[in-house]
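Engineer: Residue numbers for the sequence shown, in our numbering: 60 to 356.
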Amino acid sequence: RLSLCPEHFIEFIEKRFKKTIHKVKALREVNKVVVAVSGGKDSVTLLHLMHKVSKELGFKIIGLTIDLGIGEYSIKSVNKAIKNYEMLGTSYEIVDLKKEYGFSIDDIARYRKRAGIRKPICSVCGTIKRYIMNKLALDIGADAIVTGHNLDDIVYYIFSTLYTGRIKDLAKISIYTPSKYKLVAKVKPLAYISEKETLLYVLLRRLPFNYGVCPYAKLRTFHEQIRKTSNMLEEKIPGLKITYAKMFLEKINPIIYSHYVREEKLKECKVCGMPTTSEICGFCKLRSAMGKVLKND
Ligand code: AMP
Ligand code: FES
Ligand code: ZN
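#1: Suppose you measure from the CA of Glu-50 to the CA of Asn-269; what does that come to, to the nearest Å?
#2: Beta carbon of Asp-166, beta carbon of Asp-126: below 8 Å?
#3: Where DSSP assigns a beta bridge to Gly-122, which residues make up the other side?
#4: Would you check if the distance between the CB atom of Cys-181 and the CB atom of Arg-286 is smaller than 8 Å?
#5: Work out the CA separation of Arg-173 and Phe-71 for me, nearest whole Å.
#6: How would you call Tyr-144, buried or exposed, if buried means at least 16 neighbouring beta carbons within 10 angstroms?
#7: Is Pro-334 helix, strand or coil by DSSP?
#8: Once the 5 residues before and after Ile-301 are set aside, which same chain residues still bring their CB inside 7 Å of it?
#9: Just how far apart, CA to CA, sit Val-205 and Thr-236?
#10: My parser needs the alpha helix (DSSP H) runs of 4 or more residues fully inside the region 238-323; what are they?
#11: Cutting at 6 Å between CB atoms, please list the residues of its own chain near Leu-106, excluding the five before and the five after it.
#12: Per DSSP, Thr-236 forms a beta bridge with which residues?
#13: Under the DSSP definition of a beta bridge, which residues are partnered with Ala-203?
#14: Count the other CB atoms, across all protein chains shown, that sit within 10 Å of the CB of Arg-171; report buried if there are 16 or more and exposed otherwise.
#15: Select from Ile-176, Gly-175, Ser-163, Met-192 the residue whose C-alpha is nearest the C-alpha of Ser-124.
#16: Sorry if obvious, but does the Cβ on His-208 come closer than 7 Å to a heavy atom of the ligand AMP?
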């Protein structure tokens, strides 16, 4: 409900960010953190805020950008991410999905059915991103991975998992996921910053970012409706989204977590050695299915 000038708005966002970072006690003991940067407004905000905090708390950050191979959208996104890394002098890695693993997200969109993949594109893309983030973090010995999931993402996750009754997934929505057997800890420090605020932040600070939207995201109509509805409610009841997320993350989640989350036994994937609950991890299954289809094309 505050009316702020540009300078104080930037200060306000930085303060809120730091408050969330300080809540995650584990971040006080890290040496190296991977910052996942897509090149969009949220992760560009995240990179700049993490850069500042890393200097104050004395840890190193390494940017990671995955070139997903989504036509023009990926070209622009990767370019913007690199511009930000260079602006800050941050070290970074670009992982090209097609060059590294033989298939792109555009290939998935085209051949998914033929490859027998039933999941929606965005969900397959999520599996790929999580795999690559974790692999890089493990390879370089990072203590945590931070992503730019914002308040609107959190509100949407809570709503959609409640709606579909996926209680175990609901229990897993949190700002901090500790590390366990070859799975590096994950942090979402923008959980209390909305997408409207990250947009304002990058605009006011004149940071380069890709304002385009992933072409496959347009297929998510349910997501779009929830987004519009929560923004409409927020207009009528200012502060609703942050209160909803805070109450869930800080009061409700710890209770359902202790009831519903049982430690899953993780083991090494027989193909790549990464952590999985089955013999072969989801990423390797996907890679093999896509490899067969692309070979026959
Ligand atoms: P999304 O899953 O697209 O909503 O993105 C959530 C977060 O995941 C972003 O804010 C980034 O931190 C990270 N991310 C998404 N896409 C990429 C990418 N291509 N490369 C690196 N990180 C990404
Ligand atoms: Fe993965 Fe759009 S970014 S499908
Ligand atoms: Zn594997």
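All C-beta atoms, glycine included, are put in the ideal place defined by N, C-alpha and C. Quantities reported herein were computed from a predicted structural model and do not represent experimental measurements.
Structural biologist: If we stick to the structure as given:
#1: Shown here, the chain extends from 60 to 356; a query on residue 50 therefore has no answer.
#2: The beta carbons of Asp-166 and Asp-126 sit no closer together than 8 Å.
#3: According to DSSP, which records beta bridges pairwise, Gly-122 is partnered with Val-94, Tyr-151.
#4: No. Outside cutoff.
#5: Cα atoms of Phe-71 and Arg-173: separation of roughly 50 Å, rounded to the nearest angstrom.
#6: So Tyr-144 ends up on the buried side.
#7: The answer is strand: DSSP assigns Pro-334 an E or B state.
#8: In the same chain as Ile-301, and ignoring 5 residues on each side of it, the C-beta atoms closer than 7 Å to its own belong to Leu-210, Tyr-251, in chain order.
#9: Cα-Cα distance, rounded: 10 Å.
#10: The DSSP assignment places complete alpha helix (DSSP H) segments of no fewer than 4 residues inside the region 238-323 at 254-263, 280-295, 299-305, 312-319, in order along the chain.
#11: Around Leu-106: Val-94, Val-96, Asn-143.
#12: Residue pairing by DSSP puts Thr-236 in a beta bridge opposite Lys-245.
#13: Residue pairing by DSSP places Ala-203 opposite Val-92, Ala-244 in a beta bridge.
#14: Per the 10 Å Cβ criterion, buried.
#15: It should be pointed out that residue 124 corresponds to Thr in this sequence rather than to Ser. It is Met-192 whose Cα lies nearest to the Cα of Thr-124.
#16: His-208 Cβ: within cutoff of the ligand AMP.
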